[in-house]
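Taking the working numbering as reference, the numbering of the sequence shown is continuous, increasing by one, and the terminal residue is 481.
All C-beta atoms, glycine included, are put in the ideal place defined by N, C-alpha and C.
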Amino acid sequence: MPNPFTQEHAGEYEGGAFHPEFPKGKASGTFKVSGTGVTFECEHRTLQFPMIDLQVSVGGAADTIVFLKHPNHRDVSIYTLDHSILDHPALVNDPHIGEHVKSIRRKKTIWWGVLAGIILLAVGFIVLAWLAKSPLAKVAAANVPPAWEEKLGDTAFEQLKATTLDLIEDPALYAELAKLTDPLVKGIASQRYTFKFHITRNKQINAFAMPGGHVVIHTGLLLAADSPEEVAGVLAHEIAHVTRQHSLRKLFESAGIYIIVQTILGDASGLISVIADYGTFLANRKFSRDFEHEADNEGWAYLQRANIDPRGLAEFFKKLQQKKGGVIQTAEEATSILSTHPTDAERIGRLAEKWKKSDQKDGFVEIKIDWKAFKESGMLE
Ligand SMILES: [Zn+2]
C-alpha cells in the first residue's frame, strides 16, 4: 500500500503568490503539492511550505480562491483558482489538514446546493405560474359575483351602443326572434345569466355575446342564414362562450397571475382597474382553439336540451366557407364571424362526428318562423 504522505500528484496547479519582496507584492506561477509540502515557482524565486502546519483556506468572492499559508512565512500566501487542489491526496489524507479541507468541501457543496435550490425554485415557480394560469383564470372567473359580471357586460354593451351598434327596436321583430331564442334559453336553464338579444343593422355576417348575457346579432347573419336552426346553432355557440366565461377568463389571463390570485383571495381592486379598459379588450374577441371547441361542445348540448336540430352551426359555417372559398377577401369579411371562427376541416369534422354518434336524429322541435318571409318582411332593414 503506498504511503499517502509521500504519494506524488502528477498535476501542477496554476496560481500565484503574495510576497512583500515581489514587484507590486505578487507574482503568478505554478506550484506542486507533495507529501512533504508545497513548492511554488515563479520567475523571481521558489517558495517552499512544509506540509506540517500548512494552512488551507478559501476566500474571495463566493469563496472562489484557495489560499495556502504557513506560520514559517507569515507575510506570504500562495493562491489558486483550481479547486481540484482540495482533492489532492496529500492534503485530504493529512490528519490535521484533511479535516479542514473536508469542511471546506462540505461548505462548497452546501453553497452550490443552496444556489441550485434557489434557481430550481425560481424556474419551478415561473413554470407553475405559466401552467396554472388558465386553470387559475377559470377559478378567478367563477369567483366573480354574478352582479359584477352583469355590470361588466352592461358597461361594455353601453359603450358599443354609443359607438358602433345601430339597434333595431321593432317589438314585432323581437317577437319573431323569441320563437327561436325562447326554447334555446329554456334549454340552457342558467341560474346565473339572463340573456338579452339585440339585433343591429350591419351587413357583416356576425353575432357575439358579452359577459353577463347580452347577445348581439347582425342583420347580415340573419339574412345569410337559410333556416332558424342555423341561427340557433350560432347563438347556442355564442351563449356557451358566456356560460363558460370565456371573455372573463381571457381577461384574467391577459391581466396576469397577480390579479388572478388577488381576485381569488377576494380583492377586486386589480380586476376593476383592468375592467376600465374592457371596451378595447372586447374589440379583440378572438378566442383560443380550446375555448372554441368548448363552445362548440357546450352549444351542441344546449341545442340537444332544447330539442333543436344541432346541425345548424356546422351547416352555417360550411356554407359560408364554400361561398367564400375559405378565404377572407374583403374588409367586411375580415370583421365577420369567419375571422373569429376559422372553419377548418377539423372543426367541421368534429361536429359531423358528434352528429354521427348522436342518439337523436329526428323528432326535433319545429321552430315556427317562416324564415323566407321573415327575411323578406323588411323588418331587417
Ligand atoms: Zn366562438
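Residue i beta carbon near ligand 1 (any heavy atom closer than 8 Å)
{"i": "His298", "result": "no"}
{"i": "Phe416", "result": "no"}
{"i": "His314", "result": "no"}
{"i": "Glu392", "result": "yes"}
{"i": "Ala395", "result": "yes"}
{"i": "Phe295", "result": "no"}
{"i": "Thr440", "result": "yes"}
{"i": "Glu338", "result": "yes"}
{"i": "His318", "result": "no"}
{"i": "Phe387", "result": "yes"}
Burial state of residue i, where buried means 16 or more other Cβ atoms lie within 10 Å
{"i": "Tyr358", "result": "exposed"}
{"i": "Val334", "result": "buried"}
{"i": "Gly478", "result": "exposed"}
{"i": "Leu267", "result": "exposed"}
{"i": "Ile299", "result": "buried"}
{"i": "Asp462", "result": "exposed"}
{"i": "His144", "result": "exposed"}
Residue i to residue j span [Cα, whole Å]
{"i": "Ala237", "j": "Ala355", "result": "9 Å"}
{"i": "Lys233", "j": "Ala241", "result": "12 Å"}
{"i": "Ser157", "j": "Tyr179", "result": "10 Å"}
{"i": "Asp251", "j": "Leu420", "result": "As written in the sequence, residue 251 is Lys, which differs from the Asp given in the question. One C-alpha to the other measures close to 34 Å."}
{"i": "Met310", "j": "Gln304", "result": "18 Å"}
{"i": "Val315", "j": "Gly224", "result": "41 Å"}
{"i": "Gly412", "j": "Ile469", "result": "15 Å"}
{"i": "Ala401", "j": "Thr209", "result": "59 Å"}
{"i": "Gln291", "j": "Trp212", "result": "56 Å"}
{"i": "Trp471", "j": "Lys279", "result": "11 Å"}
{"i": "Ser327", "j": "Glu466", "result": "11 Å"}
CB contact check: residue i to chain B, cutoff 9 Å
{"i": "Gln148", "result": "Note that chain B does not occur in the displayed structure, where there is just one protein chain."}
Which runs of the beta strand (DSSP E) spanning at least 3 residues fall entirely within the segment 111-192, listed in chain order? 113-118, 126-133, 137-141, 146-150, 155-159, 165-169, 177-180
May I ask you to verify whether the segment 338-346 touches the segment 391-400, counting CB pairs closer than 8 Å and requiring at least 3? Output reads yes: the segment 391-400 touches the segment 338-346.
Across the segment 314-323 and the segment 212-224, are there enough close Cβ pairs to call them in contact, namely three or more that are closer than 8 Å? no
Contact between the segment 137-155 and the segment 166-180: three or more CB pairs below 8 Å? yes
Hey, is the segment 252-264 in contact with the segment 276-290, meaning 3+ C-beta pairs nearer than 8 Å? No, the segment 252-264 does not touch the segment 276-290.
Can you check the segment 325-403 for any beta strand (DSSP E) of at least 3 residues that lies completely inside it and give the ranges in chain order? none
Stretch pair the segment 193-204 + the segment 119-130: three plus CB contacts closer than 8 Å: no
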